[in-house]
Amino acid sequence: MNIELIIGILNIVLISTTPLVFAGIGELVTEKSGVLNLGLEGLMLVGAVTGFITLVLTGNYFYSLILSIISGVILSGIFAFLVLNLMTNQIATGLALTIFGIGLSAMLGKKFSGTPIEGLSPYYFIVISFLLVFSVGYFLSKTKSGLIVRAVGENHNSAYALGYNVIKTRYFTIIFGGVMSSLAGYYISICYAPMWQEGMTAGRGWIALALVVFATWKPWRLLVGAYIFGGVAIMQMNLQAFGVELPGQIFNMMPYIATLIVLVFISSNKVRLKLSAPSCLNIPYEKNS
Amino acid sequence: MQSIVEFKNIFKSYPGVIANDDVSFNIKEQSIHAILGENGAGKSTLVKILYGHVKPDSGEILINSDLAIINSPSTAKNLGINMVFQHFSLFESLTVAENLILGMNENISLTKLKDKSKTICDKYGFNLNLNSPISSLSVGQRQSLEIVRSLLNNPKILIMDEPTSVLTPDEISKLFKIIKNLVKDGLTVIFISHKLEEIINLSDYVTIMRNGKVVSTISTQNEDPETLGYKMLGYKVSKAKQVSDINFSQEIFNIKNLSTQSKDPFTVNLNKIDLNLKKGQIFGIAGVAGNGQKELMEILLNENDYEFSGDIFFKDLNINNLSTFQRKSLSISYVTEERLGHSAVPEMSLSENIFLSMNHKSEFKKGDFINFEKINSFASDVIKNFKVDTPSYNVKAGKLSGGNLQKFIIGREIMSNPELLILSQPTWGIDAGSEAFIKKTIVELSQKGVSIIIISHDLDELLEVCHEIAVLYEGSLSKPLNVENINITKLGKYMGGLFD
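Chains A and B, in that order, are what the protein sequence lines are. Take 1 as the starting number for the first sequence in this note's numbering and just add one per residue. Take 1 as the starting number for the second sequence in this note's numbering and just add one per residue.
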C-alpha cells in the first residue's frame, strides 16, 4: 500500500464528512435544549439550493453564503414557531419540514440543474467545522449560557421556575441548528459537488440525526462518529481499487447499517442513555398561566 | 414592624375551580408567616402568584407598600423574593455547583461561588459537596441545596412550600433552627404547611385558608393543634383507630432476603428485605421518599420484570415469576402511588378503567368481547359503596378530584375481594374528608381478615391505621415495631437510618 493512496483516502474522508459535522453539531445543540428537529434533510437541501442559485445569479460567494444562512434562519424559525408557540408535535413538524424542503429545493433548482459553477475550496469549511465542534463543546460545558441550554433541556419547568426564558432559549438553539444545516447544504452544493442536483444531500440529514444519538450528545464524540460514518461511506471506491468486488448497493447501505447497529447498542444500555440524553427531549413545554 | 408583603383582593380561577377567592392579608417584615390549609385550599396557588409563577385574574400585591407587578419568576427574584419548591427544581444530571450557578441572578466564577456558598453553609450549618451529581444526594441534602441556592441571592423574602413533607423528624428540627436564625438575620419566611404542630412550633403568624378563601390571619401564640385544625377544616375529623391487641397467627405473605443490584444511579438498591404478613394484619412501611419505596412497589407489582434476588411467597406459593395479572388472579390487589396515568387512564371512563384492571376475570368478558353490562353495574356499585362523587360511570377518570378518584380506585380493588391489598401513598394529596373515609375503609377491611401493606411517607397516617410499622432507609427495611406501644424517638432514629 503506498503512502499517496492513504493520504488520498484521508483527504476524501475529510472532504466528504464535513457536512455531517456541521448538521450534527447544530442538531446536538438543538437537542441539548430539549427539541428534536427531524427537518435536517430539508434544511440542508434548501440551504444548498439557495446558495447555489444565488451564486449562479450574482457570481458572489459572500452573497450566496448569506442567503443560504438566511434560508436556514427562516425555515428553522417557522419550525420553532410551530413547535414552541403553537406546540405542534415535534416529530410530525420535523418530518413536514423535511418533505417541504425536498419539494421546495427541487422546484427552485429545476432550471439550475446541471449549470456549471466554479466551486469553493472545501478546506476553509473543514477547518471551521473543527473549530465549531470545539467551541460548541466549550460553550456547553464552560459558559453560563451553555449551562442554561442544558438546564432547559434537562427540566424545562425547573428552568422556568428559576427565572429562565425557556421559549427564548429554544428559539436560539433551533435557529442555530437550522443555520448549521443550511451551511452543511451550502458546503455540498458549492464545495463538495460543486453543482445542483435534486435530492443531492442523499440522506446525510438522517445520518447526522443518528450521529447525535451515537455521540450520546457529546460534541467530541460527534466528531469521531462523523469520521467513522464518513469513512464507511468512502470505503466503497477504495475497496474496489484493491480489487474487492462487491455490489455498490452494499456500500451505500453501510452508513445506515452502522447507524442501526450503533442505535441498538446505545439503547441497550439504559443507564448511559438516561445520563446523557436530555430528559425533556421531544416533550412540549406549556407555560404556566 | 411594618408589612413587607400585602395581598389585596387576589382572585384566581381555573376551569371549574376557584383557587383564590378575594384573598387579602399582610405579612410582617422579619417574621415567620405560615399559610395553613388542606390540599386544594389555594395555598400553593397564592405563593406561586407572589413568585410570578402564576398570573392572578385580578388583585394586587404590594411589596414594602409599593405596588409590584410580578410577571415572571425573574421579576420576583429581582424584588428579593425566592422560593424553595415542594417538588424540587433541581437538574438531575448536573452537579451541585452547576445547580447553584443556575439559581443565581449574577454571573460569578466558580472560585467565588465556592467562597460564597461556603460562608452560607458554615453560618447556618449546611453541608454541601459542590462536585457531587444531584442523583447521589439524599432528599434532605437536595433540600439544603435548594435553600442555599436561594440564599446566595441575598433574598428578603423566602417562600417555602411544604418543606418538611420529605424530611425525617431529626432533619425537621434542624431545618427549623436554621429558619429561626435566618429570620434573626433579617429574612422574612413564608412557610406553607398542613401540619398543625409544625406551624405552632415554628411560625409567628398563620393565615388559614379554606376553599380558596382566607378564614383568618392570627398570631400562633394562643393556639393549639386542635383549635387550629378545626379552623382549617371547618369540622372535626374522627380518627380511625385500629384495635391492635389481636393475636395474628396465619401467615399469608412473606418476603425473604429480597435484594436488587441495579447499576442505574437513579434507583435505590434494596438490601436483604424480610417481611412477614399475617392474615388480617395491616403492615406499614414508613420512610422518607426516595429510600427504595418505588423499587419495592415495582417488585411487588412486577409490571416491568424488575430484576431481584430473594423470594416472595403468597400463601406458601412462590410468586417471584408470576405476572401482575397472575398475581391479581391469586387475589392480590394493588393501589399504586400515581393515581392518574398508572392506577387509572385519565382519558378513559370509570367503567373502562374498571375493565383495564380486571380483564383477568372472565365474568367481564363475553368470549373476546367486553361485557359492558357487567362492568357498568360493577362500576355503579363501586361509586355507591365508596361514596364517589360523580354523575355517572361514563365520566372520564381525569375529571374526578384527587380524593374522589382515589376512593374509586381503592373501591375498585377492594370489590375484587382481595386477600392481600398493597397500597402506596393511599391518601397523598387528597382532601381530609376522603382521607378519613379511606382510612376507615382500610381498618374495616382488615377486620374482615384481609391483609394490607401500606407504603407511605405520612407517619401520622401509618400510626393511625397500622398494627406494625417498619422503616425503609436506603433500601434496607428495619425490624417491625408494634404500634400499640411504639417509641417515637426510636422510630425517628430508624427513619434517619439508625438501625441494624
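Glycine included, each C-beta is placed from N, C-alpha and C at the ideal position.
Is the shortest distance between the beta-carbon of B:Ser72 and the beta-carbons of chain A less than 8 Å?
Yes, B:Ser72 counts as interfacial toward chain A.
Of the choices A:Asn11, A:Pro278, A:Tyr285 and A:Thr18, whose alpha-carbon is the least far from that of A:Ala151?
Closest option to A:Ala151, Cα to Cα, is A:Pro278.
Nearest CA to the CA of B:Gly280: which residue from B:Ala286, B:Glu484 and B:Gln447?
Cα-wise, what sits closest to B:Gly280 is B:Gln447.
Pairwise C-alpha distance: B:Ala286 and B:Ile453:
Going by the C-alpha atoms only, they are around 11 Å apart.
Tell whether a beta-carbon distance below 8 Å holds between B:Val395 and B:Gly411.
Cβ atoms of B:Val395 and B:Gly411: not closer than 8 Å.
Do we get a CB-CB distance below 8 Å when we pair A:Gly163 with the residues of chain B?
Closer than 8 Å: yes.
Counting only beta-carbon atoms, is B:Asn107 nearer than 8 Å to chain A?
Yes, because at least one Cβ of chain A sits closer than 8 Å to the Cβ of B:Asn107.
Over the uninterrupted beta strand (DSSP E) stretch that includes B:Val5, give me the two end residues.
Ser3 to Tyr14 is the span of the beta strand (DSSP E), which, as asked, contains B:Val5.
Return the first residue and the last residue of the beta strand (DSSP E) that B:Tyr205 is part of.
From DSSP, the beta strand (DSSP E) with B:Tyr205 extends over Tyr205 to Arg210.
Under 8 Å Cβ to Cβ from A:Leu179, same chain only, skipping five residues before and after it: list those, please.
Note that residue 179 of chain A is Val in the sequence shown here, rather than Leu. Cβ contact annotation for A:Val179 (same chain, cutoff 8 Å, sequence separation greater than five): Gly26, Ile69, Gly72, Val73 and Ser76, in chain order.
Any chance you could list the beta strand (DSSP E) runs of at least 3 consecutive residues sitting entirely within the stretch 210-248 of chain A, in chain order?
Qualifying beta strand (DSSP E) stretches: none in this window.
Reduced DSSP category for A:Lys287 - H, G, I as helix; E, B as strand; rest coil:
Under the three-state reduction of DSSP output, A:Lys287 falls in the coil class, being neither helix nor strand.
Suppose only complete runs of 4+ residues qualify. What are the alpha helix (DSSP H) ranges in the stretch 318-373 of chain B, listed by chain order?
Listed in chain order, they are 324-329 and 350-358.
Measure from the alpha carbon of B:Phe266 to the alpha carbon of each residue in B:Thr168, B:Tyr235 and B:Leu137, then state which is nearest.
B:Phe266 has its Cα closest to that of B:Leu137, out of B:Thr168, B:Tyr235 and B:Leu137.
Nearest chain A C-beta to B:Lys156 closer than 8 Å, yes or no?
It does not: the Cβ of B:Lys156 has no partner Cβ on chain A nearer than 8 Å.
8 Å is my cut-off, CB to CB: does B:Phe308 come that close to chain A?
Under the 8 Å criterion on CB atoms, B:Phe308 is classed as non-interfacial with respect to chain A.
How about B:Leu501 and B:Leu100: do their beta carbons lie closer than 8 Å?
Residue 501 of chain B falls outside the range modelled here, since chain B spans only 1 to 500, and no answer is possible.
So, at 6 Å on beta carbons, what are the nonlocal neighbours of A:Ile167 in its own chain, with the 5 sequence-adjacent residues on each side left out?
Leu84.
Determine the closest residue to B:Phe253 out of B:Ser478, B:Asn304, B:Leu350 and B:Pro418, with distance taken between C-alpha atoms.
Among B:Ser478, B:Asn304, B:Leu350 and B:Pro418, the Cα nearest to that of B:Phe253 belongs to B:Pro418.
Near-chain E residues of the stretch 142-167 of chain A - C-beta to any C-beta below 9 Å:
The structure shown has no chain E; the protein chains it does contain are A and B.
How many angstroms separate the CA atom of B:Ile179 from the CA atom of B:Tyr334?
The straight-line gap from Cα to Cα measures roughly 40 Å.
Within-8 Å CB hit, B:Leu102 to chain A:
Cβ-Cβ to chain A under 8 Å: yes for B:Leu102.
Indicate the three-state DSSP secondary structure (helix, strand or coil) for B:Phe191 in the structure shown.
Of the three classes helix, strand and coil, the one that applies to B:Phe191 here is strand, per DSSP.
Which parts of the stretch 401-460 of chain B are runs of the alpha helix (DSSP H), unbroken and 4 residues or longer, counting only runs that do not cross its ends?
DSSP assignment within the stretch 401-460 of chain B yields the following whole alpha helix (DSSP H) runs of 4 residues or more, N-terminal first: 402-414 and 432-447.
Nearest chain B C-beta to A:Ser33 closer than 8 Å, yes or no?
Not one chain B Cβ lies under 8 Å of A:Ser33.
Could you give the distance in angstroms between the alpha-carbon of B:Gly449 and the alpha-carbon of B:Phe191?
Using only the alpha carbons, I get a separation of about 43 Å.
Proximal residues, the stretch 36-62 of chain B versus chain A, C-beta separation under 9 Å
From the stretch 36-62 of chain B, only Lys48, Tyr51, Gly52, His53, Val54 and Lys55 have a Cβ closer than 9 Å to chain A.
Rounding to the nearest angstrom, what Cα-Cα distance links A:Phe240 and A:Cys191 in this structure?
For clarity, residue 240 of chain A is Gln in the given sequence; the question names Phe instead. So the alpha carbons of these two residues sit roughly 25 Å apart.
B:Thr168, DSSP secondary structure in three states:
In this structure, B:Thr168 counts as coil in the three-state DSSP scheme.
Taking one C-beta from the stretch 209-220 of chain B and one from the stretch 56-69 of chain B each time, how about it: are there three or more such pairs within less than 8 Å?
No: fewer than three Cβ pairs fall under 8 Å.
Do B:Leu481 and B:Ile469 have their C-beta atoms closer together than 8 Å?
A contact, by the Cβ cut-off of 8 Å.
Which residues in the same chain have their Cβ closer than 6 Å to the Cβ of A:Leu140, if we skip the five residues on either side of it in sequence?
Within its own chain, the residues whose Cβ lies closer than 6 Å to the Cβ of A:Leu140, once the five positions on either side in sequence are excluded, are Gly146, listed in chain order.
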